[in-house]
Each structure stands twice: as structure tokens, then as C-alpha cells.
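So the structure is just underneath, and the comments pick up after that.
Residue numbers (the UniProt record's numbering): 1 to 1174.
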């Protein structure tokens, strides 16, 4: 048996097991030897553990790494992964502070199956009900100004012709292509969405809070159905409006019926059948007419009157004819490629994107098919476990999370001289630690300008590096696949492939958001060349393929934007087929992924082993730096205790010296006392002895009639008493002397021990001080010592331990990790090609619905092997991932989580194991599609607590509530608001914008990261007006639009243009839709139509995720309706977003006297000087 080797080799030889868990890279190096069995039990299977050790030298001292192996479940752990800090503790001896838990494990523990209680199931049912009632406007309120060449829209009513009928103007446009044709979508029975809200207001009793600018307005329809280019109406494409159906159910049988929201799918199918019957009847009538008039023979085009009569039928069946007054139909005609099957076209937006998926998940929850992340999302709050990052009593916990041992190995290739801020690094460290031993949800609070995307980049690097660690354990690339194959069969081919081994799954990163721009921003920024620092400008990870997918220069295929079908098809076309070859996709596998075939053919024989060794070498260099800093941290952390121990040892030595002195004094006293007592006792004994020697004789006693004897006896008694007293005194003095001698011996021993302890304590303090001092002298690394801890600003701006040297080493590890992925793909041969081919089928959505669940999951997981990060909107999850089961993906990263309603993320969460939600509940709130009173009644009818309210909560607030690391802010109505791990350093706004937002909204949470930016801007843009409130008072209004404010806006825009501010650096926003419409007119009048498109303008909602040098906020607000202003100021969100978009200037136009009295705007009024005009 080998005496030394790698941990893997020793486990294989000693216990005949192959270690299956993700291993530390050092476990794969030589020099390990078996040590002993240990007292601890395996945390996974409770089996026996064995210790292996490997020596290494640091700072001239030989120490030993420890590996702990469980042969029962083939796992290996570090001491930190077992929560231990020393080898002695592993053997059962007490030791110090517990270390970090294990890093994320890609393999779930089957014995810990997640469960959702009945309450959580009811919450999902309630959220589905909300989505059924949600009525999104699908149609424009006014005719389209500029019909495009590929899309036209028409109102059809009465006897007017439809676009597919002869005589319609579309047929006379002359627009045609040999490869394209017009396809039509009919919106039958159009109505105003406001009528839904008004009717529900009567059913559910308006609570007075139903006026909300977030609630959609406009037109919708009772149903939507597709019409083929030849005019055939396709009944199977009919989609019934869930809002109209739900409204009918609210009217009858009403919300008191327990089944009032059951039966939507059945109603839709019934109406499809009814439409089919009407079409058959119409065709029979047409056939009869054709026998009379040959000119109409063979026509199958649907007549307008058939649709109009069907609208009346649907309204009658639903019972909403009087409530909604549906009329006519709206037709949207689009030019599409000839030959596309209209039956498979994606349906138009009419209903919620989420209701169907919520229904599927609700049914799955009822049968126990639960995703672990969703379980946490729906779990009770554990307030007793919360740690406030700003509370002094939790500073030690924060410092522990920031320790070198907690920092992930991989780092994004950004400027190594600029590490993350403390709060960013804290969030990353905690995510990688908190979600290591169990799946779950973690919320990160990201106020404006605090670097959310920067933090997410490092998280991506950390996760990719963890999978590389698993790859490095493989003896060959083939070992990264299951030994058996899976797949599916279509009508034309059989698909077979080997799934990835479980150790390589669980690292998938799905980025999702309600906001399409947000997900594109993340996944387009990651591969862009600007996301990579010049130091690593030559590094490339499938850069050519990434450039094709991104459509612009890219350094690495690290992210892709999916979502709706067209985007997914485009990614497959660009990545898997030659986008410039029109026949490539038609030829299928024959022309697919030529770049992959080329990469595999040209791979050097030793490519895989070289990449593994390079990765291990990079890890080794990084670990050396980490270990050095961890030693310093342990010295810094232990020094106060060591110094306390040294002080106590000195105090004990002083006490021991004093005690010894007293013992010596007592010994001297005892010796003196015995010196006196001994002779005295001798005299007493001699005297009595002499007395007994002269005892009277019998004769003498008789002659004196006994008097002599009595005198002698009396004297003898006296002498005996004196003798006994002297002897007792002597004995006591002797005993005291003995005790004094013993005490002195013990005192000397105590003094010696104290001196030894003192010397040891002094040596330990000296050692720790030397480590810290030596590190201070040899580097500029920030150590979290007392100076660092004392000031909040210094503490937040500079994260401890992270300097250029370590940042470079960590970045090298991440890039080596990508190289290792590339080598695995290149060396993986047919297995990789088959897996990625199946992944392309998954992306395109061509996998049959009856395909095995494990095959579908494996195909999607294969995509993330090549592209670590994939994004989608929540709206596309239900379709894109329709048949994907719970827990398929390792990570869900939610961006702008504060803008998403709680239910929008359920589908993505159900399919994921870990969720990181990044957002801010104090910025834009989710768009609600139902009235507050409707939402409240739905909660009541389903017995759901207000904590889950879809109209008040967001994905962010619900993720924050179950996050144990965070802080408390002042929420609406001054109620405390717990937020997850907050990002605190702001780098966007100058003052006064920063001060307004920080004080009025965040209670001083944020720290300004670049206070000198304002001065630099002023120097570079001399002459631009300072920020101000343009006070405009007027009683004249057009709804919420104040024409006088429009004139002030025009004057200000002209001034800014004259000052040389480009349109793209100006943003004009307002809180109301009518104000946004007025702004649009003013902007066009000042800049012209073309330049106006370069300037972001509209409601405040259009500005989320954007920024500009100059922001103008036009407040508006009908003077006759002060309640609208009160709504805008009720919560800080609108004001926060509006002000925090401005980098250098903020101008507010409106009635200062009226707005400054309102919450949150009072701070804005105090900070801005007043201008009577621009």
C-alpha cells in the first residue's frame, strides 16, 4: 500500500472507493499520507471518518494540511467544511472558532427533500388567481401613426372588409415578397380595460386606493385567434381572455362560491369547439352558395360577420356583455416567412404570461414535486437569526464573513487595482457560504448606483470556478458523462446523448428579470470586450463564437440572451449554424457547429491534462496568498484575546509572587513560633518529670495524714496541664510550620506556572504581532484592525485583504477555469457534440413534450457547460422551460427584483435550487394589473395572509424577508423595512442628488464613493446651470399636464442645448402618463423628431436602469385632484428613482409650495435652490 499520494489515490487504494464530491484542488496533489481514524462522524451519512495529512512550510514553520475522508459515501472534506478549526478538535479535543461550512455542492441530498406546507400551496393558488384577473392592454388606443412595412393594424366593424378579403387596402399595397406572406391575428370583442376595473370595483367594494398610475389602461379583447394568409380562421389558436372570463365569474357565481375561479381551460376549449362549429356551418353555407355562383367556389376565407356574431356569443356565454360592451374586432397583420405553420405561432399578448405556469406548479406542489428554492421563498420568517450588518454587536460576524478563507477563488477580470467594496464582497462571500450546505434564497439590496452588476460578475466567476474544481477531479473528460444515454424521438430522428455526471451539474446560472432591458444588460455586458480589463486583453473563451452570438466584439462565450422564441432561434442560428449560410440550418447536423468540430479536431493530445495542471497551478498560487492572509487574519482576530491572556498572565504572576512572599513570611513566623514552643514544652516536661520524681512516700503520706500527697497532686495536676498546653502549642507550631512549608511549595509552583504561562502568552503575542507587523511592512493590504473598524466610510470603501496581487491571482484562477471548460469541450469528442446538439433542441423548443424529464433537464444543463450564464425574462420562463422540472438549474440570479411581482419569479424559482435576488424595494415597484380591492378580496377568499400581497410585495421584499444578513431601513409609513445584504457605496450621483436620496429614502445607509466627481464635472462643463427647482404655479391644466410647466421645460431644454449638453445626456420624466405625453410633445418641438429619439423621456418608469448627466423632473398634477400628487408622494419610490437617475444635474419643474408639503419631496425642496423659471 502506498505510503503517500493524492487524497484520491489513497482513498482508491485503501478503501476501494472513488471520491465523488467536489474536491479541494490541494487534495489532488501528491504528498498526502494516512493519519488515523477520528471521533467525528460524516455530516452526510453519519459514517466513520479518517484523517489524512500533508506537510507544508510557511514563515519557517512546518504545518500540515488535513483531509477528512468518508469511505461510506465517498466524500472528502476540509476541516473548515466540517466546521472545525484544528486537527486536535477533529480528534475530539476542544478548539477555537468554527470555520466556514463547505462550498456549494452540486449534488442535492435526497434525504432532505424540500416540502411546501399547505399555506405555501394556497399562496401559489392566490397568485394564479391574481394573474387570471390581470388585464394587460393589448391594443393601441389610437391609430398607429406610422404603419411599418412588416406590420399593419386595422379596426374592422360592421360591413367593412377584413385585411384578408378582396377590396381591403392591404391587398392593394403592392407589398409582396416571394418568400413572405401576410398573416393576421384577430382580437375579437374589443373593450376598455378601465371597464374591468370599474366592474370589479363594484363587485369588491372599492377601498379608496384603486387609483394607481401603475395599473394598466387601454384596450383589450375577449379573445384572440389567428387567420392564415389565405383567410382561413384557425380555431385551435383561439385564446380566451382570462380577465374577461374571471370578470364573468366574479359576477356569477361570485367570490362566495368556493369554485368560482375553476374551469377556465374548459371554457376556452368549449369556445374553440363553438367557433369550429360556426366555421363548419359557414363553409356549408358557402358551398351552397358556390353551387349557385361559380365565382365563389372553393373560398374558405372567414367572413367578418362570422367573427362579429361569435363576439356576441362569447360575451353572452361569459356574462359580461353589459359590463364590458365589447364591439367589433381589431386585426394585426404581419409579414412572415412563407411556410411557417400558423398553428405553431406564439399567441399574442392577451393574458398573463404566468397563469398557466402557476397552475402547473400549483398542481406539482400538491403532488410533492417541489423546488428547494421555492420552499425557502414560501417559508416562515426567522427573525431571530437575522444579523444587522450595521449593528456593532454583529461586527465580529461581518469580519468573519470578510476573512480570506471566505473569499471565492475566482474573480471577474476587472481592474485588479479596484477591488469590490466591502458590502459587495460581503454579499458575495455570504452567498457562497450561506447557499453552500443547503439550497435557498438570498436577497441583496442594491440602492441606485451601488454596483449590482459588478457584484454579479464576481458571483459568476465564483460559480464557474467551482465547476472547474469539479472538472479538475476527472481522470479523463469521458468521466464527466453518465455511462448510459438518454434522449427522445421525433417524427424524423432519434436523439441520443450522455448526460453530464452529477458532479458537473448544479452550477447553471439563469439570469431572469421582469424587465427585458435588465436581463439583456447583464448578459450583453458580461461577454463584451469592455467587461474585461486590458491586463487580460489577449484572453479568449470561444471569442469568435461569442461575437457571432452577441452581434458585436466579444471576448468570451460566457453569457447569452434567450427568452422569447425569436431570440432563442437567433442564438441557435448564430452559434450552432453558420448565420451567413441560408442553407445551414436546413441541412441540420451536416452543417452544424463547424467551429466545434474544428476545435475538437485541432485539440492537442495533451490539451486536457495541460489545462488541468494549469488550473491546479493557478489555484496553488492563489491558495498560497490566501493562506498567508488567513494566517494574518487569525493573528489579527486572535491578538486581542492573546493580549488579554498576556495581561491576565502578568496579573496572575504578580498574584503568585505576592502569595509566595506571604507564604515565606508565614513560614518565618511559624519557625519562630516553633522555636519558642519547643523549649517551652521541654521545660514543662522536665518540670513535671522532676515533680514526679519527688512524689511523697507512703510513710510520709501517713505521717502527714495525706496533706503532703494532696499538695503534690495539686501541683502535679498544674504541671500536667502546663505540659499538655506546651505540647499542644508545640504541635500546632509544628503543624503550622509544615503547612507553611507546603503553602510555599505550592506558591512557588504557582509562580512558576504563571511565569511559564506568561512567557508563552508573551511569545504568542509577539508571534501574532510579528505576523501582523511583517505583513504591514511588506504590503499595502488593508487589514481589518481597529483603525479600519472605527470609521464607517473607510470601512465601506476599502474591502479588507483584497489587493492587486491577490486580485490578479484570483482572476487567473477564473480564466484558467474557463480554459479548463474549453479544454473539456474540445477533448470531449462526440459526447460533447451530442450533448450540445440536444441543448440546441432545448433552446429552440423542438423537444417533444413526452420526452423523458431527465433527458430534457440534461439537455438544458449541457447548454450551461458551454455558456455559463443564460438570461430570460420571467414572462418567457413558462414557455421556454415549460416541461423542465423542479431544481434543474443550480442558480437563479434575479435582477431588478424590486420591479417584479412576487408571483412572476415562481416558475424560475421552482426550476432552480439557489436564488440570489438583487434589487431595491425603495425604487420602482412592480406594475400591478388588478385593483387593490380585487387583490384583497382574492386573498380573503383563499385564506392568504397580507404578507403575500401581490399588489404590495415584490420578489425582492419576499427574498429579503428570508435573508438573515441585512439591515433595517425606514419603509413606507415609517414602518421598519428589513432588506437583505445591502450594497452601500454609491458612485453615480453628485450632490444634491446623493444627499436627497440618501437622507430622504435610505436614512444615511449609503456612502458616497466619489465625492469629487461633481467638481470635475463643473470644471469640464463650465456655465451649465446648477441644479434647481423651477417653481411654476398655475391653475390651468389638461388633466395632470400643466401647460405652464411645459413652457418652462421648453425654455430649460433650449438653454441646455445652447450650453452644449447632448440630447442623449438629458432625461425628462414625470410621474403621470398625461405628463409623459406632454413631455413628448415639448421634446419633439425643441429637438425635432430625430434628436428627440436620442433623449430618454416619458414616465419615471422608463428611466429605471438608465442614467443621464442631466435629469429634468416635470411634476404636473391636476390642481383640482390633489389626491394624485398624494399618490405620487405616498411612497419614496418614484422620487427616489427620478432623482437618482441624475449624475450631475437635477431640475425639478412644478409647484414647489404644493409639493414640498408632501412626504419625501420635502427633502428635495430643502436641498434645491429655487428658480422662478429656467
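Even for Gly, the Cβ is constructed at its ideal location relative to N, Cα and C.
Residue environment analysis places residue 801 among the buried positions, since at least 16 neighbouring C-beta atoms fall within 10 angstroms of its C-beta.
Cα atoms of residue 977 and residue 644: separation of roughly 39 Å, rounded to the nearest angstrom. Burial is judged here by how many other beta carbons sit within 10 angstroms of a residue's own beta carbon; residue 633 has at least 16 and is buried. Ranked by how close their Cα comes to the Cα of residue 252, the residues 220, 266 and 200 have 200 in first place. Look at residue 1037 here: in three-state DSSP terms it is coil, with no helix or strand label. DSSP, reduced to helix, strand and coil, places residue 931 outside both helices and strands of the structure shown, so it counts as coil. Taking each of 440, 396, 535 and 354 in turn and checking the Cα distance to residue 413, the smallest one comes out for 535. Boundaries of the alpha helix (DSSP H) around residue 313: 304-318. In the structure shown, the three-state DSSP call for residue 328 is strand. Spatial neighbours of residue 369 in its own chain (CB-CB distance under 8 Å, excluding positions within 5 residues in sequence) are listed in chain order as 885 and 886.
At a Cβ-Cβ threshold of 7 Å, residue 917 and residue 935 do not count as neighbours.
Taking 4 residues as the shortest admissible run, the segment 451-492 contains the following complete alpha helix (DSSP H) segments, listed from N- to C-terminal end: 452-472. Taking the Cβ atoms as the reference, residue 204 lies roughly 4 Å from residue 937, within the contact range of under 8 Å. Of the candidates 1037, 1094, 756 and 1104, 1037 places its Cα closest to the Cα of residue 1122. Apart from the 5 residues on each side of it in sequence, residue 874 sits with its Cβ closer than 8 Å to the Cβ of 353, 354, 512, 513, 514, 900, 904, 905, 907 and 908 in its chain, given in chain order. Restricted to the segment 876-905, not a single alpha helix (DSSP H) segment is unbroken, complete and at least 4 residues in length. Taken through DSSP and simplified to helix, strand or coil, residue 39 comes out as strand.
When DSSP states are grouped into helix, strand and coil, residue 986 belongs to the strand group.
CA-to-CA, the gap between residue 41 and residue 34 works out to about 17 Å. Within the segment 586-627, complete alpha helix (DSSP H) segments of at least 4 residues are found at 594-601, given in chain order. Per the DSSP secondary-structure output, residue 33 pairs in a beta bridge with 53.
Contact between residue 980 and residue 959 holds: their C-beta atoms lie close to 6 Å from each other, under 8 Å. For residue 1086, the closest of 1100, 1063, 1106 and 1077 by C-alpha to C-alpha distance is 1063. Its chain contains 120 and 962 as the residues whose beta carbon lies nearer than 8 Å to that of residue 379, once the 5 sequence neighbours on both sides are disregarded; these appear in chain order. Looking at the DSSP output, residue 1113 sits in a beta bridge with 1069 and 1148.
With a threshold of 16 other beta carbon atoms within 10 Å, residue 1136 meets it and is buried. Straight through space, the alpha carbons of residue 430 and residue 452 are spaced by roughly 15 Å. The segment 421-435 and the segment 825-835 do not touch, with fewer than 3 CB-CB distances between them shorter than 8 Å. Note on residue 624: under 16 other CB atoms within 10 angstroms of its CB, so exposed under the neighbour-count rule.
The alpha-carbon separation between residue 933 and residue 191 amounts to approximately 21 Å. Across the set 1002, 1004, 248 and 1113, the C-alpha of 1113 shows the shortest separation from the C-alpha of residue 1042.
In the three-state scheme derived from DSSP, where H, G and I count as helix and E and B as strand, residue 556 is classed as strand.
Sixteen is the threshold: when 16 or more other Cβ atoms of the shown chains lie within 10 Å of the Cβ of residue 351, as they do, the residue is buried. Spanning the alpha carbons of residue 1021 and residue 1144 requires a straight line of approximately 10 Å. Straight across, the Cα-Cα distance linking residue 813 with residue 865 is about 18 Å.
Excluding its 5 nearest sequence neighbours in each direction, residue 155 has C-beta neighbours in its own chain below 7 Å: 328 and 330, listed in chain order.
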